[in-house]
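FYI, the numbering for the sequence shown is -5 to 210, going by the working numbering.
Ideal Cβ placement from N, Cα and C applies to all residues, glycine included.
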Amino acid sequence: MAGLAVAGAVLLTGCGSVPDLNPGIAVVVGDDSVTTRHVADLSSDYCAAAEPQLQGQPLPRHYLNGRVAGSIALRSAADQLMAEKGVEVDPSYATAVKQAEAQLTDLTTAQRDAIVEVQGAETYVAAAETSVGRAALGGSPSADDAKAAGEKAFQAWLDDHDVRIDPRYGVVIEKGQAVLTDTSLSQPVTNTAKQADATTPDTTYAAGLPAAQRCG
């Protein structure tokens, strides 16, 4: 989780999305569902934490919303996989969080929690995979072998379960990672629409958005 404390460093990283979700639901993963309100609230805290790192270059808020939705989906899948296998997340995750939080002392608790929850999602999945893989292999496998076995188990879980993210968030789960993409149901026809739907943020376009639709 080396980059966890640098809020702006991974905003653009970012599984198949399906449109048939109930109103007010943003993410469905297996037995879990997450509301659009939760995504919006977490995104607001994440934006507040990230703004100092943006250095005056705003981002469209939907990029942050996508990052948040994808991270929530990954964590939920990892939690359910670990529950099925009867294991807990590898202690390396707690160590990484502690190190990151030491660099985030200038943030509020909500902002710090948002950074950890969103930017720490991939680290959380990696630690979950290590625990699952170690249990699957038995004995005392190497960290690399445990991680590799866990990655296979995680991908198999994703393949076997319902994982859906509202297309409005422009993020999909691919190969066990959250990836920003254009999942819009309509095709952009104007230059402004193309700027809005591009998978690489246009900061000039973002600067012209209303404050509620941008971060920074």
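- Counting of Cβ neighbours within 10 angstroms places ALA71 among the buried residues, the total reaching 16 or more.
- In the structure shown, THR175 falls within a coil segment according to DSSP collapsed to helix, strand and coil.
- Residue burial is scored here from C-beta neighbours: LYS141 has at least 16 other C-beta atoms within 10 angstroms and is therefore classed as buried.
- DSSP assignment within the stretch 48 to 100 yields the following whole alpha helix (DSSP H) runs of 4 residues or more, N-terminal first: 55 to 79 and 86 to 95.
- Listed in chain order, the beta strand (DSSP E) elements of length 3 or more contained wholly in the stretch 94 to 163 are 157 to 159.
- In this structure, THR117 sits near ALA90, with a CB-CB distance shorter than 7 angstroms.
- Contact between ASP39 and GLN105 holds, since their C-beta atoms are separated by about 5 angstroms, short of 8 angstroms.
- For the 7 angstroms CB-CB criterion, PRO54 and ARG208 form a contact.
- The stretch 29 to 43 makes no contact with the stretch 129 to 136; the number of CB pairs closer than 8 angstroms stays below 3.
- Rounded to whole angstroms, LEU174 and GLY80 show a C-alpha spacing of 31 angstroms.
- Close CB contacts of THR102 within its chain, under the 7 angstroms cut and outside five residues either way in sequence, are absent.
- In this structure, the beta-carbon distance from ALA115 to VAL83 does not fall below 7 angstroms.
- Under the three-state reduction of DSSP, ASP39 is assigned to helix.
- Under DSSP, ARG31 forms no beta bridge with any residue.
- It is roughly 11 angstroms from the alpha-carbon of LEU75 to the alpha-carbon of VAL23.
- Restricting attention to CYS41, GLY170, ASP25 and ASP14, the CA atom closest to the CA of ALA120 is found in GLY170.
- Burial is judged here by how many other beta carbons sit within 10 angstroms of a residue's own beta carbon; ASN59 has at least 16 and is buried.
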